[in-house]
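Asks: Got a structure for you, written out below as structure tokens; questions coming shortly.
In the UniProt record's numbering, the protein residues as written are 1 to 381.
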């Protein structure tokens, strides 16, 4: 993340040399890139280095977006637990790139919501150097400590499909329900409280199904909500309430031959997967030849125009008479969570997945973490 800050400083110094405007810089990314964009919004180090931001299918409060201070974890995996951080650093500095790669592979990453990941962005509360992230993302959001710039954020209709890639061969049926309780709620796996919450989650998503693991569609809904949607919802509701700049929310529902991830994994479940939107903005190794007049061509034109309009003007639909877009994308208001559904048509809708979102709102409000002052925001969204 500090490398990204350095890159943005370089852009500020040099963008005018190739026709750019240092006062009109837009950053955007997808998945981990989306979380990175949101983290840059929250970091004091990047203040003033950009003026608009787009986070696709990822934010700083998704349970997979943060990591642990890695030195102790690495030391344990290398049988160096008695060593201090400087000794571990020296050990690693003496290793080749190939050896470091193998060390990383030795460190288990289960990619479940209940565990903070071994590698990732960490809070630097007591750092003598300038801190990229001085507090937990949730606390920074609650205290309105983020850059107030036009913000675009969104999701797909079935983000959870992506977890086909992260299947644990030791658990082919998928993660246990307790593993889908986000770590930052403050529950400890195996306790009565954790098991009771897991039972509540099962009841909501699967009813009385005994073989709930076989209900793939509902399992993807659960993964979508836990790993992506609720974190995005919390981000939107906190930022638009506190920011003077507009927040635009979208959902991708279009399904064509350009949907990258489903094409890559050959998943046939209905819905738009995490990463499926990438193919409408960039070419990649699975890109097809686009036929003039096809839905693929129309969709690419729409995506590119919405994204570039936002980058230029801070408004994805500045021209109300635009025949290509034929929609006015309204920012979120205090009355409704307005969002643009990007399907075969562009349609404004309100309050996505409201029943599922409300279920998680109740869980978060009653969680152990919500009783702490830094999580007071949970009661306000």
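No residue lacks a Cβ here, since even glycine has one placed at the ideal position from N, Cα and C.
I'd like to know if residue 263 contacts chain B, where contact means its C-beta is closer than 8 Å to some C-beta of that chain.
Replies: Going by chain labels, chain B is absent from the structure shown, which holds only one protein chain.
Asks: What are the start and end residues of each continuous alpha helix (DSSP H) run of 4 or more residues lying completely inside the stretch 82-134, in chain order?
Replies: Runs of the alpha helix (DSSP H) inside the stretch 82-134: 85-93 and 97-106.
Asks: In this structure, does DSSP put residue 187 in helix, strand or coil?
Replies: As a working mapping, residue 187 is identified with position 187 in the chain shown. If DSSP states are grouped into helix, strand and coil, residue 187 belongs with coil.
Asks: Ignore the nearest five residues each way along the sequence and tell me which others in residue 100's own chain have a CB closer than 8 Å to its CB.
Replies: Stepping through the chain shown from its first residue, residue 100 is reached at position 100. Only 92 meet the Cβ criterion.
Asks: At a cut of 8 Å, does the stretch 153-162 reach the stretch 270-285 through at least three beta carbon pairs?
Replies: Counting Cβ pairs under 8 Å, three or more are found: they touch.
Asks: Grouping DSSP H, G and I as helix and E and B as strand, with all else coil, what is residue 151?
Replies: On the chain shown, residue 151 is found 151 positions in, with the first residue counted as 1. In the structure shown, residue 151 sits in a strand (DSSP, three-state: E or B).
Asks: Whole-angstrom Cβ separation of residue 98 and residue 278, contact assumed at under 8 Å?
Replies: Translated into positions along the chain shown, residue 98 becomes position 98. Translated into positions along the chain shown, residue 278 becomes position 278. The Cβ separation is near 30 Å, so there is no contact.
Asks: Relative to the ligand NAP, is the shortest distance from any of its heavy atoms to the C-beta of residue 221 smaller than 7 Å?
Replies: No copy of the ligand NAP occurs in the structure displayed, which carries no ligand at all.
Asks: Considering just the uninterrupted stretch of the alpha helix (DSSP H) at residue 67, what are its terminal residues?
Replies: Start at 1 with the first residue of the chain shown, and residue 67 comes out as number 67. No alpha helix (DSSP H) holds residue 67; DSSP gives it neither H nor E.
Asks: Excluding the 5 residues preceding and the 5 following residue 130 in the sequence, name in chain order all residues of the same chain whose CB lies nearer than 7 Å to its CB.
Replies: Counted from its first residue, the chain shown places residue 130 at position 130. The residues are 45.
Asks: For residue 248, which residues does DSSP report across the bridge?
Replies: Numbered from 1 along the chain shown, position 248 holds the residue referred to as residue 248. For residue 248, which the question treats as bridged, DSSP gives the partners 152.
Asks: Quick one: Cα of residue 179 to Cα of residue 189, how far?
Replies: Your numbering for residue 179 matches position 179 in the chain shown. Your numbering for residue 189 matches position 189 in the chain shown. C-alpha separation (whole angstroms): 7 Å.
Asks: What are the start and end residues of the alpha helix (DSSP H) that includes residue 240?
Replies: Sequence index remark: in the chain shown, residue 240 carries index 240 (1-based). Its alpha helix (DSSP H) spans residues 230-242.
Asks: Provide the residue span of the alpha helix (DSSP H) that contains residue 359, from first to last.
Replies: Here residue 359 refers to the residue found at position 359 when the chain shown is read from its first residue. Here the alpha helix (DSSP H) through residue 359 covers 354-365.
Asks: Between which two residues does the alpha helix (DSSP H) containing residue 220 stretch?
Replies: On the chain shown, position 220 is the one that residue 220 refers to. Its alpha helix (DSSP H) spans residues 216-224.
Asks: So, for residue 323: in the same chain, excluding its five sequence neighbours on each side, which residues have a beta-carbon less than 8 Å away from its beta-carbon?
Replies: By 1-based counting over the chain shown, the position of residue 323 is 323. Same-chain partners within the cutoff: there are none.
Asks: Just the Cα atoms here: how many angstroms apart are residue 302 and residue 327?
Replies: In the chain shown, counting from the first residue as 1, residue 302 sits at position 302. In the chain shown, counting from the first residue as 1, residue 327 sits at position 327. Roughly 11 Å between the two C-alpha positions.
Asks: In three-state DSSP terms, what is residue 312?
Replies: To locate residue 312, count along the chain shown from 1; it is residue 312. Helix.
Asks: If we ignore side chains and look at the alpha-carbon of each, how far apart do residue 380 and residue 346 end up?
Replies: Along the chain shown, one-based indexing puts residue 380 at 380. Along the chain shown, one-based indexing puts residue 346 at 346. In this prediction, residue 380 has a pLDDT of 49, which is less than 50 and means its spatial position is unreliable; what the coordinates show is noted afterwards. Going from the Cα of residue 380 to the Cα of residue 346 covers about 31 Å.
Asks: One question on the structure: do residue 382 and residue 177 come within less than 8 Å of each other, judged by their Cβ atoms?
Replies: For the chain, the structure presents residues 1 to 381; residue 382 sits outside this window and is missing.
Asks: Can you name the start and end residues of the beta strand (DSSP E) that residue 333 belongs to?
Replies: Numbered from 1 along the chain shown, position 333 holds the residue referred to as residue 333. Segment: none, residue 333 is in no beta strand (DSSP E) and carries neither H nor E.
Asks: Taking Cβ to Cβ, would you say residue 228 is nearer than 8 Å to residue 62?
Replies: Locating residue 228 in the chain shown gives position 228, where the first residue counts as 1. Locating residue 62 in the chain shown gives position 62, where the first residue counts as 1. Yes, Cβ-Cβ distance for residue 228 and residue 62 is below 8 Å.
Asks: Once DSSP output is grouped into helix, strand and coil, what is the label at residue 257?
Replies: As a first step, residue 257 must be located in the chain shown, where it is residue number 257. Coil.
Asks: From the DSSP output, in three-state form, read off residue 211 for me.
Replies: On the chain shown, position 211 is the one that residue 211 refers to. Coil, per DSSP.
Asks: By the 10 Å Cβ neighbour count, where 16 or more other Cβ atoms means buried, how is residue 165 classified, buried or exposed?
Replies: Position 165 of the chain shown holds residue 165. Exposed is the call here.
Asks: Take residue 151 as the anchor and find which of 64, 283, 203 and 28 has the nearest alpha-carbon.
Replies: Here residue 151 refers to the residue found at position 151 when the chain shown is read from its first residue. Of the candidates 64, 283, 203 and 28, the one whose C-alpha sits nearest the C-alpha of residue 151 is 28.
Asks: Can you check DSSP and say which residues form a bridge with residue 26?
Replies: By one-based count along the chain shown, residue 26 stands at place 26. According to DSSP, which records beta bridges pairwise, residue 26 is partnered with 52.
Asks: Do you know whose CA, among 316, 222, 319 and 309, lies nearest residue 357's CA?
Replies: Mapped onto the chain shown, residue 357 falls at position 357. For the residues 316, 222, 319 and 309, the minimum Cα distance to residue 357 belongs to 222.
Asks: What do you get for residue 20, buried or exposed, if any count of 16 or more other CB atoms within 10 angstroms of its CB means buried?
Replies: One-based indexing of the chain shown puts residue 20 at position 20. With fewer than 16 Cβ atoms within 10 Å of its Cβ, residue 20 is classed as exposed.
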